[in-house]
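S.K.: One structure is given below, represented as structure tokens, and several questions about it will come after.
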Amino acid sequence: MADGHSLALDETGMTVPAENSGTKRLHVMIMIAIALALLAAPFFVYPVFIMKCLCFALFALAFNLLLGYGGLLSFGHAAYFGMASYVSAYGAASWKLPPELAILSGVAVATLLGAAFGALAIRRQGIYFAMITLALAQMVYFFSLQTPEFTGGEDGIQGFSRGFLLGIIDLASDRNLYWVVAAIFMASLLGVYRIVHSPFGEVCKAIRDNEPRAISLGYSVNRYKLTIFVLSAALAGLAGAVKAIVFQLATLTDVHWSMSGEAVLMTLVGGVGTIFGPIVGSFVIVAMQNYLAGLGGWVTVVQGAIFVVCVLTFRDGIIGALAKLIRKPL
Amino acid sequence: MTDIFGIPSQVLLGQIVLGLINGSFYAMLSLGLAVIFGLLNIINFAHGAQYMTGAFVAWMLLNYLGINYWAALVIAPLTVGMFGMLVERFLIARLAHLDHLYGLLLTFGVALIVQGLFRNTYGSSGMAYDIPEALKGGTNLGFMFLPNYRAWVIVASISVCLLTWFVIEKTRLGSYLRAATENPALTQTFGINVPLLITLTYGFGAALAALAGVFAAPIYSVNPNMGADLIIVVFAVVVIGGMGSIMGAIITGFMLGLVEGLTKVFYPEASATVIFIIMVLVLLVKPAGIFGRPA
Numbered sequence: 001m002a003d004g005h006s007l008a009l010d011e012t013g014m015t016v017p018a019e020n021s022g023t024k025r026l027h028v029m030i031m032i033a034i035a036l037a038l039l040a041a042p043f044f045v046y047p048v049f050i051m052k053c054l055c056f057a058l059f060a061l062a063f064n065l066l067l068g069y070g071g072l073l074s075f076g077h078a079a080y081f082g083m084a085s086y087v088s089a090y091g092a093a094s095w096k097l098p099p100e101l102a103i104l105s106g107v108a109v110a111t112l113l114g115a116a117f118g119a120l121a122i123r124r125q126g127i128y129f130a131m132i133t134l135a136l137a138q139m140v141y142f143f144s145l146q147t148p149e150f151t152g153g154e155d156g157i158q159g160f161s162r163g164f165l166l167g168i169i170d171l172a173s174d175r176n177l178y179w180v181v182a183a184i185f186m187a188s189l190l191g192v193y194r195i196v197h198s199p200f201g202e203v204c205k206a207i208r209d210n211e212p213r214a215i216s217l218g219y220s221v222n223r224y225k226l227t228i229f230v231l232s233a234a235l236a237g238l239a240g241a242v243k244a245i246v247f248q249l250a251t252l253t254d255v256h257w258s259m260s261g262e263a264v265l266m267t268l269v270g271g272v273g274t275i276f277g278p279i280v281g282s283f284v285i286v287a288m289q290n291y292l293a294g295l296g297g298w299v300t301v302v303q304g305a306i307f308v309v310c311v312l313t314f315r316d317g318i319i320g321a322l323a324k325l326i327r328k329p330l
Numbered sequence: 001m002t003d004i005f006g007i008p009s010q011v012l013l014g015q016i017v018l019g020l021i022n023g024s025f026y027a028m029l030s031l032g033l034a035v036i037f038g039l040l041n042i043i044n045f046a047h048g049a050q051y052m053t054g055a056f057v058a059w060m061l062l063n064y065l066g067i068n069y070w071a072a073l074v075i076a077p078l079t080v081g082m083f084g085m086l087v088e089r090f091l092i093a094r095l096a097h098l099d100h101l102y103g104l105l106l107t108f109g110v111a112l113i114v115q116g117l118f119r120n121t122y123g124s125s126g127m128a129y130d131i132p133e134a135l136k137g138g139t140n141l142g143f144m145f146l147p148n149y150r151a152w153v154i155v156a157s158i159s160v161c162l163l164t165w166f167v168i169e170k171t172r173l174g175s176y177l178r179a180a181t182e183n184p185a186l187t188q189t190f191g192i193n194v195p196l197l198i199t200l201t202y203g204f205g206a207a208l209a210a211l212a213g214v215f216a217a218p219i220y221s222v223n224p225n226m227g228a229d230l231i232i233v234v235f236a237v238v239v240i241g242g243m244g245s246i247m248g249a250i251i252t253g254f255m256l257g258l259v260e261g262l263t264k265v266f267y268p269e270a271s272a273t274v275i276f277i278i279m280v281l282v283l284l285v286k287p288a289g290i291f292g293r294p295a
């Protein structure tokens with residue numbers, strides 16, 4: 001996006017606050033706080049609800065990895081989320097795969113799909129990139145609609161058992177499953193943090209801020225873009241696969257474009273280009289959906305209104321605004 | 001009954017007509033997207049919602065006020081165009097200095113609101129809109145039976161597309177528009193009110209989408225989701241054609257509608273995805289699009 005301000009910048013062109021000595025310690029403390037919160041949460045809140053939040057937080061983390069740090073707006077992340085959800089549900093239901101293999105196969109398919117779609121989409125930039133990812137994801141949606149023998153059509157794949165993790169831990173218990181999901185989430189969060197702060201992540205941010213300059217410095221920009229795209233797709237796949245095991249359900253909703261929109265919304269609300277924003281955003285949106293469930297179709301209207309308000313007046317998102325307030329990146 | 005490639009000619013020609021009808025909608029919608037993109041540099045995600053609203057306004061005019069199809073052809077695009085201008089003036093214009101992706105997110109939000117409101121009010125099942133009396137029935141062309149309404153939609157949309165092309169490429173107003181697309185700051189210094197031009201352009205794009213919606217109302221049932229799925233196909237059409245050329249958008253739209261219609265005859269399983277597959281092929285061979293200029 002050489003021609004305008006990237007989404008991680010505000011209208012004054014000021015970047016998010018620069019890292020300084022205290023930043024690292026603050027981040028470590030936040031990570032520990034998140035870990036402690038995850039340990040305590042199931043004793044206070046219904047574990048299935050937190051697991052739902054965590055799955056969507058993973059999904060939003062994946063989306064934000066691509067948009068916030070790669071500067072690439074994908075409107076088709078439902079494809080990786082939904083396909084992984086189908087594959088892991090199908091594996092668990094029809095092949096009786098143990099949950100760890102079901103999840104891994106879902107992630108593997110999402111990764112391959114991400115590699116193929118990413119290679120196509122990075123051939124265009126900006127707005128075209130968003131339209132291409134959306135169109136490719138719609139192709140996956142039609143594929144899912146037309147292969148009921150694999151996806152179960154309108155009913156989806158449902159009612160399979162969660163199985164035993166590594167053959168020992170019975171995941172039929174919500175509490176057991178919760179620890180597994182929390183561990184996966186924490187590991188992914190640390191993984192994303194590591195990627196963003198690695199030399200690879202720094203190059204991605206450079207490409208996001210000024211692509212022509214990165215090219216002139218000798219970076220093969222497309223290789224970086226494709227790599228971060230595939231990483232993001234794999235993580236979105238992990239979110240979808242875990243979600244399928246948690247709810248024992250994979251449906252057309254998972255691959256529908258509105259699912260891609262949810263990832264965008266959660267990231268926008270939490271703060272694009274912040275580490276912790278997507279997590280906060282997904283908890284806010286999932287909680288809101290739960291709270292407003294009785295209103296039925298009005299949820300869509302409310303989500304649309306949140307989009308409009310956020311884009312017009314609250315582009316930093318919750319965590320982005322907080323980061324500005326304390327002058328440290330979050 | 002004669003056969004062509006083992007397919008009864010009536011079926012084949014019927015699908016070609018249907019393909020041209022879908023092509024009309026693709027052409028009108030991608031034309032609007034291209035005009036808006038040219039001047040505002042945003043992708044109007046609300047385009048599908050504006051198409052759907054056009055169809056609904058026609059339905060409401062008929063059922064609540066007894067205003068017929070012919071008047072709706074004028075009133076619905078005007079209504080949606082006015083609404084579009086308000087959205088541009090009060091929402092989109094405030095994002096002009098920001099990354100263009102914000103415009104995409106904003107119009108996506110607008111689309112969700114509009115679709116949600118109609119879905120809450122009218123439910124998700126479609127509502128019928130009768131073909132106007134004058135266009136009922138069909139004409140026997142000897143080799144096929146052509147429903148009059150379908151013929152009208154094809155002829156009318158080709159005329160609208162060509163008229164749009166003429167206005168943009170051959171008139172003074174169009175030259176202002178092209179100048180502002182090329183260099184808004186310089187155009188402004190020549191005393192042309194560019195912000196007004198932008199508002200009018202967005203309103204025109206929305207009105208074009210609404211007109212397509214009125215055309216579509218008697219063919220497809222009027223329902224809140226009719227625009228959402230269509231707009232994604234139109235995005236693919238726009239990627240295939242490239243948004244650099246007005247005529248390119250029109251031709252690509254009709255061609256892809258035709259290809260889709262023919263796919264329905266020869267390999268129906270692929271008819272929903274054929275346009276996306278063509279998009280993939282175009283991206284591999286000529287990433288800038290058939291009529292696009294390389295960046």
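In order, the protein sequences belong to chains E and R.
Reminder that position 278 of the first sequence reads as 278 in our numbering, one-by-one numbering, no gaps.
Reminder that position 86 of the second sequence reads as 86 in our numbering, one-by-one numbering, no gaps.
Each residue gets a CB set at the ideal place from its N, CA and C atoms; glycine is no exception.
Here the structure is a predicted model, which means the values were calculated and not measured.
1) Taking 7 Å as the threshold (beta carbon to beta carbon), is R:Pro287 in contact with chain E?
2) Is the Cβ of E:Ala8 closer than 7 Å to any Cβ of chain R?
3) Within the 7 Å Cβ cut-off, does E:Ala2 reach chain R?
4) Answer with yes or no whether the minimum CB distance from R:Leu230 to chain E is below 7 Å.
5) Just tell me which of E:Ile32, E:Met31 and E:Ala60 has its CA closest to the CA of E:Ser232.
6) Return the chain-ordered ranges of every alpha helix (DSSP H) run that is complete within the segment 216-259 of chain E and spans a minimum of 4 residues.
7) Have a look at E:Ala2 and R:Phe37 and give me their C-alpha separation to the nearest angstrom.
8) Is the shortest distance between the beta-carbon of E:Ala135 and the beta-carbons of chain R less than 7 Å?
9) Between the C-alpha atoms of R:Tyr64 and E:Ile318, what's the straight-line distance to the nearest angstrom?
10) At least one CB of chain R closer than 7 Å to the CB of E:Met14: is that the case?
11) For R:Val87, decide whether its Cβ has a neighbour in chain E, counting only Cβ atoms nearer than 7 Å.
12) Looking at the unbroken alpha helix (DSSP H) that takes in R:Pro195, where does it start and where does it end?
13) R:Ile231 and R:His100: beta carbons closer than 7 Å?
14) Using a threshold of 7 Å, state whether the C-beta atoms of R:Leu72 and R:Val214 are closer than that.
15) Does the distance from the CB of E:Gly237 to the CB of E:Ala110 come in under 7 Å?
16) What whole-angstrom Cβ distance do E:Gly118 and E:Leu226 have, given they're in contact under 8 Å?
17) In angstroms, rounded to a whole number, what distance separates the CA positions of E:Leu67 and E:Gly273?
18) By a C-beta neighbour count over all protein chains shown, 10 Å radius and 16 as the cutoff for buried, is R:Phe291 buried or exposed?
19) Give a yes or no on whether 7 Å exceeds the smallest Cβ distance from R:Tyr102 to chain E.
20) Give the straight-line distance between the Cα atoms of E:Ala135 and R:Val259, rounded to the nearest whole angstrom.
21) At the 7 Å Cβ level, is R:Ile113 part of the contact set with chain E, yes or no?
22) Counting Cβ pairs closer than 8 Å, one from the segment 55-69 of chain R and one from the segment 236-252 of chain R, do we hit at least three?
23) Name, please, each residue of chain R whose Cβ falls closer than 8 Å to the Cβ of E:Tyr80.
24) For E:Ala93, would you say it is in contact with chain R, using Cβ-to-Cβ distances shorter than 7 Å as the test?
25) Fully enclosed by the segment 18-76 of chain E, which beta strand (DSSP E) runs are 3 residues long or longer?
26) So which residues on chain E does R:Ala236 lean against when the C-beta distance must stay under 7 Å?
27) Quick test of the definition: if touching needs 3 or more C-beta pairs under 8 Å, does the segment 302-312 of chain E touch the segment 112-123 of chain R?
28) Just to make sure I have the definition right: I need the residues of chain E whose C-beta is within less than 9 Å of the C-beta of R:Thr273. Which are they?
29) Interface residues of chain R around E:Val311 at Cβ under 8 Å?
30) With a CB to CB cut of under 7 Å and the five nearest residues on each side skipped, what residues in its chain are close to R:Ala55?
31) Is E:Thr300 close to chain R, meaning its C-beta is less than 7 Å from at least one C-beta of that chain?
32) Counting beta carbon pairs with one atom in the segment 187-197 of chain E and one in the segment 149-160 of chain E, are three or more of them shorter than 8 Å?
33) Distance, Cα to Cα, E:Met186 vs E:Ala62?
34) Taking DSSP as the reference, what is the three-state secondary structure of R:Val222?
35) Within 10 Å of its beta-carbon, does E:Pro148 have 16 or more other beta-carbons around it, so buried, or fewer, so exposed?
36) So, with DSSP's three-state summary, where would you put R:Val227?
M.R.: Here's the rundown:
1) Output row for R:Pro287: interface = yes.
2) For E:Ala8, the pLDDT reaches just 49, beneath the cut-off of 50, and the residue's location in the model is therefore unreliable, leaving the point undetermined.
3) With a pLDDT of only 38 at E:Ala2, under the threshold of 50, the placement of this residue in the model should not be trusted, and no figure is reported.
4) Closer than 7 Å: no.
5) It is E:Ala60.
6) Complete alpha helix (DSSP H) runs here, min 4: 221-247 and 252-255.
7) Any answer about E:Ala2 is weak, because its pLDDT of 38 lies below 50 and its placement is not dependable; what the coordinates show is given next. If I take the Cα positions, the gap works out to 18 Å.
8) Yes, contact with chain R.
9) Cα to Cα, R:Tyr64 sits roughly 45 Å from E:Ile318.
10) Note on E:Met14: pLDDT 44, under 50, position unreliable in the model; the coordinate value appears next. Output row for E:Met14: interface = no.
11) Closer than 7 Å: no.
12) First-last of the alpha helix (DSSP H) with R:Pro195: Val194 to Ala216.
13) Contact: no.
14) Position check: residue 72 of chain R holds Ala in this sequence, whereas Leu was assumed. Contact check for R:Ala72 against R:Val214 passes: the beta carbons are separated by less than 7 Å.
15) Yes, Cβ-Cβ distance for E:Gly237 and E:Ala110 is below 7 Å.
16) 5 Å between Cβ atoms; contact.
17) Straight-line Cα distance between these residues: approximately 7 Å.
18) R:Phe291 should be labelled buried.
19) Output row for R:Tyr102: interface = yes.
20) Straight-line spacing of the CA atoms in E:Ala135 and R:Val259 works out to 17 Å.
21) Interface residue, yes.
22) Not touching, per the Cβ criterion.
23) Neighbours of E:Tyr80 on chain R: none; closest Cβ ~16 Å, over 8 Å.
24) Interface flag for E:Ala93 against chain R is unset, since no Cβ pair is found closer than 7 Å.
25) Whole beta strand (DSSP E) segments, 3+ residues: zero.
26) For the C-beta of R:Ala236, the chain E residues within less than 7 Å are, from N- to C-terminus, Ala135.
27) Using a C-beta cut-off of 8 Å, the segment 302-312 of chain E makes contact with the segment 112-123 of chain R, since at least three inter-stretch Cβ pairs fall below that distance.
28) Within chain E, the residues near R:Thr273 are Gln138, Met139, Phe142, Phe143 and Gln146.
29) At a beta-carbon threshold of 8 Å, the residues of chain R lying near E:Val311 are Leu95, Tyr102, Leu105, Leu106 and Gly109, ordered along the chain.
30) Once the five neighbours on either side are set aside, the close Cβ partners of R:Ala55 are Gly213, Val214, Ala216, Ala217, Val222 and Met226.
31) Interface residue, yes.
32) With the rule of 3 Cβ pairs closer than 8 Å, the segment 149-160 of chain E does not count as touching the segment 187-197 of chain E.
33) Whole-angstrom Cα-Cα distance: 14 Å.
34) DSSP places R:Val222 in the strand class (E or B) of the three-state scheme.
35) Flag for E:Pro148 reads exposed.
36) The amino acid at residue 227 of chain R is misidentified as Val; the sequence shows Gly. The answer is helix: DSSP assigns R:Gly227 an H, G or I state.
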